[in-house]
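Accompanying notes for the structure given below.
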Amino acid sequence: MVLGTSKAYVGQRQIITEWKGRNLSLEKQRFNKTVQHYRGRVEHLIGQVVDNRMALCTTWRGSFTLLAAVMKIAAHMVGLQERMKGPRYDVFGPWPELLAEVEAEKKRAKGKKGKKKKKGGGAGGAGPSQEPEAPSEADAAEAAKKAEEARLLRLLETLTEERMRLGITPESQAAASAEVAEAARLDAAADEAEEEAEAEEKAEAVAEAAEADAEAAQAESKAAEEAAEAAQAAARVAFEEAKATLGKATAAREGREAAREEAAAATEARRAAAVAARARATAARMAAEAAQRS
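In terms of full-length UniProt numbering, the sequence shown has 168 at position 168, counting the first letter as 1, and numbering is strictly consecutive.
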């Protein structure tokens, strides 16, 4: 299609240029956001590696996963930058769909032109006696629809020419789609690696908490055992003291019994001495009385 240099064409070119500029600006914004996102993820993962280097030394799987995620994200960022520098960066949408729409619009326009020619021939055969019908709202709507379709067709053809001028091919479109899929896969892999690292950190924290609880329980058990041993030693000392006191009490009782026996023996001896003295006194009195009578 050969395009002219009319005001309408210049206006359309200006609209297309503005549209392309907006799309390029949006793509650059998306690219910058993607770069910032992945840069933040890389910094986060590197911070995790630095903060948890002692824990990751014991869990080789977690360190390998984080390192692989960092390498993948860095490679993806480099790929995005290279793709933005290239001359065939796709900003006009999928190539096959545009071609199909252009061909469909061409066929539709040809079919409508053929119908108009047939209608014009039939009306000429009827003669000039027929009065022209007033345009209705349906005709106005149909005309507006046709004008819009023509405008879209011109826009699609212009976009097709721009794609051809920029060298955008189905292969480049497929490569871009593959890059997007690879980026999504790398993003999912990075998320999975981050989730695995977080799960390992949580498991390690749980294990550390369980180990701390076990150490606290062991310390409490040891303290209880030491307290029981101290109580047993105190009971043993008290038992020895009670045993010594009992021995002293037994010895004192035996001493008291011996003293009582000694006292009883002395009492018997004194009683026997008193009886003997009384007997001697009686014998002396009787001897004195006998001497007096004689």
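Beta carbons are placed, not taken as given, at the ideal position from N, Cα and C, and that holds for glycine.
key: Per-residue DSSP class, three states only, for S294   = Residue state, collapsed to three classes: coil.
inquiry  = What would DSSP say about S177, mapped onto helix, strand or coil?
reply    = Three-state DSSP puts S177 in a helix.
request  = Work out the CA separation of A233 and E254 for me, nearest whole Å.
outcome  = Within the model, the alpha-carbon separation for E254 versus A233 is close to 31 Å.
ask   = Quick one, are the C-beta atoms of R108 and E149 less than 9 Å apart?
value = Yes, they are a contact pair.
DSSP state of S136 mapped onto helix, strand, coil = Of the three classes helix, strand and coil, the one that applies to S136 here is coil, per DSSP.
key: Local Cβ density within 10 Å of L246, reported as buried at 16 or more and exposed below that   = Of the other Cβ atoms in all chains shown, fewer than 16 fall within 10 Å of the Cβ of L246; this residue is therefore exposed.
key: Environment of E192 [buried if 16+ CB atoms lie within 10 Å]   = Flag for E192 reads exposed.
key: Cutoff 6 Å; reference T5; Cβ partners in own chain excluding five residues on either side   = Note on T5: pLDDT 47, under 50, position unreliable in the model; the coordinate value appears next. Hits under 6 Å: none found.
task = Take the Cβ of L152 as the centre, count every other Cβ of all protein chains shown within 10 Å, and call the residue buried at 16 or more, exposed below.
result = L152 should be labelled exposed.
is_contact[A217, chain D] using C-beta, thresh 9 Å = No chain D is part of this structure, which consists of one protein chain only.
task = Just the C-alpha distance for A287 and A281, rounded to the nearest angstrom, thanks.
result = Taking the straight line from one Cα to the other gives about 10 Å.
query = Cα separation between A249 and E225?
reply = Their Cα atoms are separated by approximately 35 Å.
task = Might you give, ordered along the chain, the residues of its own chain that have their beta carbon closer than 8 Å to the beta carbon of A251, omitting 5 neighbours on each side?
result = When the five nearest sequence neighbours on each side are left out, no beta carbon in the same chain lies closer than 8 Å to the beta carbon of A251.
key: Burial state of A259 (16 or more Cβ within 10 Å)   = Its Cβ having fewer than 16 others within 10 Å, A259 is exposed.
Cβ neighbours of A216 in the same chain (closer than 6 Å, five flanking residues each side left out) = Nothing listed; no residue qualifies.
ask   = Which value, in whole angstroms, describes the spacing of the CA atoms of L166 and L159?
value = The alpha-carbon atoms of L166 and L159 are separated by roughly 10 Å.
query = Taking the C-alpha atoms as reference points, what is the distance between A181 and E157?
reply = A181 and E157 have their C-alpha atoms some 29 Å from each other.
ask   = In whole angstroms, what is the alpha-carbon distance linking E198 and E211?
value = In a straight line, the C-alpha of E198 is about 19 Å away from that of E211.
inquiry  = Using the Cβ count rule (16 or more neighbours within 10 Å means buried), how would you classify A231?
reply    = A231 is classed as exposed because its beta carbon has fewer than 16 other beta carbons within 10 Å across all chains shown.
ask   = Buried or exposed: E241, going by 16 or more other Cβ atoms within 10 Å of its Cβ?
value = E241 sits exposed, since fewer than 16 C-beta atoms from the chains shown fall within 10 Å of its C-beta.
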